[in-house]
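Visitor:
Residue numbers (our numbering): 4 to 221.
1) Along the chain, which unbroken stretches of the alpha helix (DSSP H) at least 4 residues long are found entirely within the region 154–192?
2) Does the Cβ-Cβ distance between residue 61 and residue 45 come in under 8 Å?
3) Am I right that residue 168 and residue 208 are in contact with their C-beta atoms under 8 Å? What's the rounded C-beta distance?
4) Reducing DSSP to helix, strand and coil, say where residue 200 ends up.
5) Rounded to the nearest angstrom, how far is the Cβ of residue 11 from that of residue 86, given a contact under 8 Å?
6) Exposed or buried, what is residue 186 when buried is set at 16 or more other beta-carbons lying within 10 Å of its beta-carbon?
7) Exposed or buried, what is residue 71 when buried is set at 16 or more other beta-carbons lying within 10 Å of its beta-carbon?
8) Roughly how many angstroms lie between the CA atoms of residue 57 and residue 48, to the nearest whole one?
9) Between the region 165–181 and the region 114–127, do at least 3 Cβ pairs fall closer than 8 Å?
10) I need the straight-line Cα distance from residue 127 to residue 92, nearest angstrom please.
11) How about residue 94 and residue 31: are their beta carbons less than 8 Å apart?
12) I'd like the list of long-range same chain contacts for residue 17, defined as Cβ closer than 6 Å, with 5 residues on each side in sequence excluded.
Shown next, in the form of structure tokens:
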């Protein structure tokens, strides 16, 4: 039996009336914290180039996907096969340059642009914004990164909310090691100064977004 079928069968057994009391008590909301923890552990394995642990953490994350699908199946909503088929169809649909008759794309930037265009068509009309919608649970650093990505891509005017010249001068010289060292030092200094770095970055990003939206308004 394929490994995924074994895992689906095991998960259903854990959720059965005579299964594990803990697993039976869970719902989509109660295991969110565990899911976040598993993703963090997966990222740690990737950062450490730990292939053995990477395999284990991928399995733990997969179990959560199967668990959520099992709970949905019990409620008569959908099952794991539905989840797998839907994401497979999405991947095929959003890669017409590979699976369809679409124009062959020669760069990753062109692929991303096409992906976003197809996604917009699929999602239908939404309130016009110069920024794509970001998950509300995205942490402050990832949100700032995505906002700046859109600023660069769309050449948005962010006024004086950031020093673009400083960023242009820094980007060619910074390395992963130096970035990590400087970020850690800044976060440590914030702690000593009584500043919450997460809140500070979140509020600064909000200012950048607001300024870009204001300057892009017709």
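Glycine is no exception: its CB is placed at the ideal position from the N, C-alpha and C atoms.
Guide: The relevant details are as follows:
1) For the region 154–192, the continuous alpha helix (DSSP H) assignments of 4+ residues that do not extend past its boundaries occur at 167–173, in sequence order.
2) Residue mapping note: residue 61 aligns to position 58 of the chain shown, counting from 1. Residue mapping note: residue 45 aligns to position 42 of the chain shown, counting from 1. With contacts defined as CB atoms closer than 8 Å, residue 61 and residue 45 qualify as a contacting pair.
3) For the purposes of this step, residue 168 is taken as the residue at position 165 of the chain shown. For the purposes of this step, residue 208 is taken as the residue at position 205 of the chain shown. No, residue 168 and residue 208 are not in contact; Cβ-Cβ is about 19 Å, not under 8 Å.
4) Along the chain shown, one-based indexing puts residue 200 at 197. In this structure, residue 200 counts as helix in the three-state DSSP scheme.
5) In the chain shown, the residue the question calls residue 11 occupies position 8. In the chain shown, the residue the question calls residue 86 occupies position 83. About 11 Å separates the two Cβ atoms, so there is no contact after all.
6) Looking up residue 186 in the chain shown gives position 183. Classification of residue 186: exposed, given that the 10 Å Cβ count is below 16.
7) On the chain shown, residue 71 is found 68 positions in, with the first residue counted as 1. With 16 or more other Cβ atoms within 10 Å, it is buried.
8) Looking up residue 57 in the chain shown gives position 54. Looking up residue 48 in the chain shown gives position 45. Between the C-alpha atoms of residue 57 and residue 48 there is a straight-line separation of about 5 Å.
9) They do not touch, by the three-pair rule.
10) For the purposes of this step, residue 127 is taken as the residue at position 124 of the chain shown. For the purposes of this step, residue 92 is taken as the residue at position 89 of the chain shown. Distance between the alpha carbons of residue 127 and residue 92 is about 18 Å.
11) Translated into positions along the chain shown, residue 94 becomes position 91. Translated into positions along the chain shown, residue 31 becomes position 28. Contact: no.
12) Against the chain shown, residue 17 aligns to sequence position 14. Closer than 6 Å at the Cβ level, and outside the excluded window around residue 17, lie 23, 26.
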